[in-house]
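Enquirer:
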Amino acid sequence: MTDPGRDQKPTFEDLLAEGVAVPTEGWDFSWFEGRAGEARPSWGFAVALGERLGRAEAALDIQTGGGEVLDFALGRVDRGPGLVAATEGWPANVAGATALLRPRGVVVVASPEDAPLPFADASFDLVSSRHPVRPLWGEIARVLEPGGTYFAQHVGPRSVFELVEWFLGPQPAEVSGARDPERECADARAAGLEVVDLRAERLRVEFHDIAAVVHFLRKVIWMVPGFTVSDQLPRLRELHERIGAEGPFVAHSSRHLIEARKPVG
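Residue numbers (UniProt numbering): 1 to 265.
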């Protein structure tokens, strides 16, 4: 006998509950497989970071999240730096990153994202970060030794704003124009760094169901500040119905690669 519920699609309420239930710690996005997708930048940041770690003597990864990117990059080198440290501000991520990275000899330091870096001047020849909330250029320049490099992938302006504006409406210029790569380069130069590489791309993002939208907005909390399912229930239902009728909701992420060097002398 055929089970009548076997092929039944999950309801709107089922999907909301699933999106709320998924843990948000760390930067592991494997749960989204088959439910949401994002094209990757052409430069392959994690692989490129591994190449630089293989040449470094002392490295620092800022705002490491759950440590997944640093762990992947270190796994690609035969001999990593003699010293590798990482900072992270969210307590749940500090615990996760410590558990993941300790076997690789990485020291994870709990440090708020807007606080001075808890390291001495000229401590590292490589400082890296993937998607920092806000790069503290003066601190990055301070902890780099002369000739050292900052190598990072940043989130650019208006990233996934199709989704942001679905819930918040059109955003003012000071919000939509934030994270401008040219402005960040100017700030890096003002801190005494030389920008040696800058590349920017906009990339297709697809959300295939409303559970993916809910989980994404719970995980990337700055997209729709204060997001809750109860507050956004009407717009969530409308988006669920649109996905059902038209297919995946399409947005575009914005990413830029930046490499900056501290001059010698």
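Note that beta-carbon positions come from the ideal geometry of N, C-alpha and C, so glycine has one too.
Model, not experiment: these values are computed from the prediction.
Figure out for me which residue from 241, 223, 198, 66 has the closest Cα to the Cα of residue 158.
Expert: For residue 158, the nearest C-alpha among the options comes from 223.
Enquirer: Mind checking residue 92: buried by the 16 CB within 10 Å criterion, or exposed?
Expert: Classification for residue 92: exposed.
Enquirer: Name the one or two DSSP bridge partners that residue 61 has.
Expert: DSSP output for residue 61 lists 86, 128 as bridge partner(s).
Enquirer: From residue 85 to residue 138, what does the alpha carbon distance come to, in whole angstroms?
Expert: Whole-angstrom Cα-Cα distance: 19 Å.
Enquirer: Give me the residue from 144, 133, 135, 201 with the minimum Cα distance to residue 127.
Expert: The option with the nearest alpha carbon to residue 127 is 144.
Enquirer: With DSSP as the reference, label residue 147 as helix, strand or coil.
Expert: Of the three classes helix, strand and coil, the one that applies to residue 147 here is strand, per DSSP.
Enquirer: Kindly list the residues whose CB is nearer than 8 Å to the CB of residue 79, restricted to its own chain and excluding five residues on each side of it in sequence; keep chain order.
Expert: Taken in chain order, the residues that qualify are 54.
Enquirer: Strictly by DSSP, which residues pair up with residue 153?
Expert: According to DSSP, residue 153 bridges with 130, 257.
Enquirer: If you run the structure through DSSP and keep just helix, strand and coil, what is residue 17?
Expert: Residue 17 falls in the helix class under three-state DSSP.
Enquirer: For residue 146 versus residue 66, is the C-beta spacing smaller than 8 Å?
Expert: No, Cβ-Cβ distance for residue 146 and residue 66 is not below 8 Å.
Enquirer: Within 10 angstroms of the Cβ of residue 81, are there 16 or more other Cβ atoms? Answer buried if so, exposed if not.
Expert: Buried, by the Cβ-count rule.
Enquirer: With a threshold of 6 Å on Cβ separation, who are the neighbours of residue 221 within its own chain once the five nearest residues in sequence on each side are excluded?
Expert: Correct list: empty, nothing qualifies.
Enquirer: To the nearest angstrom, how far is the alpha carbon of residue 118 from that of residue 18?
Expert: One C-alpha to the other measures close to 39 Å.
Enquirer: From residue 4 to residue 20, what does the alpha carbon distance come to, in whole angstroms?
Expert: No answer about residue 4 holds up, because its pLDDT of 47 lies below 50 and its placement is not dependable.
Enquirer: Who are the Cβ neighbours of residue 184 in its own chain at under 6 Å, not counting the five residues just before and after it?
Expert: Within the same chain, residue 184 has no close Cβ partners at all.
Enquirer: Return the chain-ordered ranges of every alpha helix (DSSP H) run that is complete within the region 181 to 244 and spans a minimum of 4 residues.
Expert: Fully enclosed alpha helix (DSSP H) runs of 4 or longer: 181 to 190, 210 to 219.
Enquirer: Look at the alpha carbon of residue 63 and the alpha carbon of residue 241, and state the distance between them as a whole number of angstroms.
Expert: Their Cα atoms are separated by approximately 37 Å.
Enquirer: Between residue 218 and residue 174, what straight-line distance do the alpha-carbon atoms span, to the nearest angstrom?
Expert: For residue 218 and residue 174, the distance between alpha carbons rounds to 23 Å.
Enquirer: How many Å lie between residue 2 and residue 8 at the Cα?
Expert: Reliability fails at residue 2, whose pLDDT of 42 lies under 50, so the model's placement of it is uncertain and no value is given.
Enquirer: Is the separation between the beta-carbon of residue 249 and that of residue 216 shorter than 8 Å?
Expert: No, Cβ-Cβ distance for residue 249 and residue 216 is not below 8 Å.
Enquirer: Go through its chain and collect everything with a Cβ distance to residue 239's Cβ below 8 Å, but skip five positions before and after it.
Expert: So the qualifying residues of the chain are 166, 210, 213, 249.
Enquirer: So, helix, strand or coil for residue 97, using DSSP?
Expert: Residue 97 falls in the helix class under three-state DSSP.
Enquirer: Along the chain, where does the beta strand (DSSP E) containing residue 110 start, and where does it finish?
Expert: From DSSP, the beta strand (DSSP E) with residue 110 extends over 107 to 110.
Enquirer: Taking residue 39 as the reference, which of 262, 258, 251 has the closest Cα?
Expert: Out of 262, 258, 251, 251 has the C-alpha closest to the C-alpha of residue 39.
Enquirer: Would you grab the beta carbon distance between residue 192 and residue 141 for me? Rounded to a whole angstrom, and I think it's under 8 Å.
Expert: Correct: roughly 5 Å between the Cβ atoms.
Enquirer: Given a cut-off of 8 Å, decide if residue 104 and residue 74 are closer than it, judged by their beta-carbon atoms.
Expert: Cβ atoms of residue 74 and residue 104: closer than 8 Å.
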